[in-house]
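Residue numbers (the numbering used here): 1430 to 1613. Even for Gly, the Cβ is constructed at its ideal location relative to N, Cα and C.
Given below as structure tokens:
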């Protein structure tokens, strides 16, 4: 298994970061959507803690991924029957995903602070809210956070659907570039 990117695909590190990000986003989104359905008390508090931790981990992974991309640039786009426009659309989608992967957790942090609550950082430290509790502001930020999160899931779903179309319909190597390869 290759650690670094090659002309054929992504290396093990970018692949691991990609798939870990997918898992964290799905966990955070699911807890955000259904967290209020958890019983009040320890379970709901634990759900919120995991939700916040997953969001913070997404930011950390995205920063790491961007730094990794500078040191080990992504492989060039592979050939596809769809032509150059699909490469441009894929780049635009990736940029939109990056923006949303930052915007959603940042809005979540602002929401936590707007509620007047401290931000738990992986159970290691807590960052006190720089603001007093502001119900109207927190409701507005919560709506923005939710809309951005749902938008992220839609764009990620389209991204996944495109990868599956490339794999099953177009039968090119687009999806394979982000799957583990052994012996390359």
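Compare the Cα-Cα distances from residue i to each of the options and report the closest residue.
| i | options | result |
| --- | --- | --- |
| residue 1511 | 1606, 1592, 1609, 1550 | 1592 |
| residue 1629 | 1531, 1528, 1487, 1595 | No answer is possible for residue 1629: it lies beyond the span of the chain, which begins at 1430 and ends at 1613. |
| residue 1501 | 1587, 1610, 1441 | 1441 |
| residue 1490 | 1574, 1449, 1600, 1521 | 1449 |
| residue 1554 | 1485, 1470, 1435 | 1485 |
| residue 1478 | 1605, 1445, 1497, 1453 | 1453 |
| residue 1559 | 1548, 1456, 1439, 1517 | 1548 |
| residue 1493 | 1436, 1565, 1573, 1444 | 1444 |
| residue 1588 | 1607, 1573, 1575 | 1607 |
| residue 1487 | 1562, 1550, 1568, 1572 | 1550 |
| residue 1605 | 1508, 1472, 1569 | 1508 |
| residue 1544 | 1563, 1552, 1557 | 1563 |
| residue 1538 | 1600, 1570, 1521 | 1570 |
| residue 1578 | 1434, 1480, 1436, 1431 | 1480 |
| residue 1497 | 1533, 1561, 1439, 1521 | 1439 |
| residue 1534 | 1465, 1466, 1567, 1574 | 1574 |
| residue 1576 | 1435, 1458, 1451, 1499 | 1458 |
Name the DSSP bridge partner or partners of residue i?
| i | result |
| --- | --- |
| residue 1548 | 1556 |
So residue i and residue j are supposed to be a Cβ contact under 8 Å. How far apart are they, rounded?
| i | j | result |
| --- | --- | --- |
| residue 1519 | residue 1506 | 7 Å |
| residue 1476 | residue 1460 | 5 Å |
| residue 1610 | residue 1462 | Contact doesn't hold; Cβ gap of about 35 Å is too wide. |
| residue 1446 | residue 1483 | With a Cβ gap of about 14 Å, residue 1446 and residue 1483 do not count as contacting. |
| residue 1385 | residue 1504 | The chain is shown only over 1430 to 1613; residue 1385 falls outside these bounds and no answer can be derived. |
| residue 1525 | residue 1567 | With a Cβ gap of about 26 Å, residue 1525 and residue 1567 do not count as contacting. |
Exercise. Can you list, in chain order, the stretches of the beta strand (DSSP E) that have 3 or more residues and sit fully within the region 1455–1539?
Worked result: none
Problem set entry | Inside the region 1550–1606 only - alpha helix (DSSP H) runs reaching at least 4 residues | 1564–1597
Exercise. Would you say the region 1570–1585 touches the region 1523–1540, given that touching needs at least three Cβ pairs under 8 Å?
Worked result: yes
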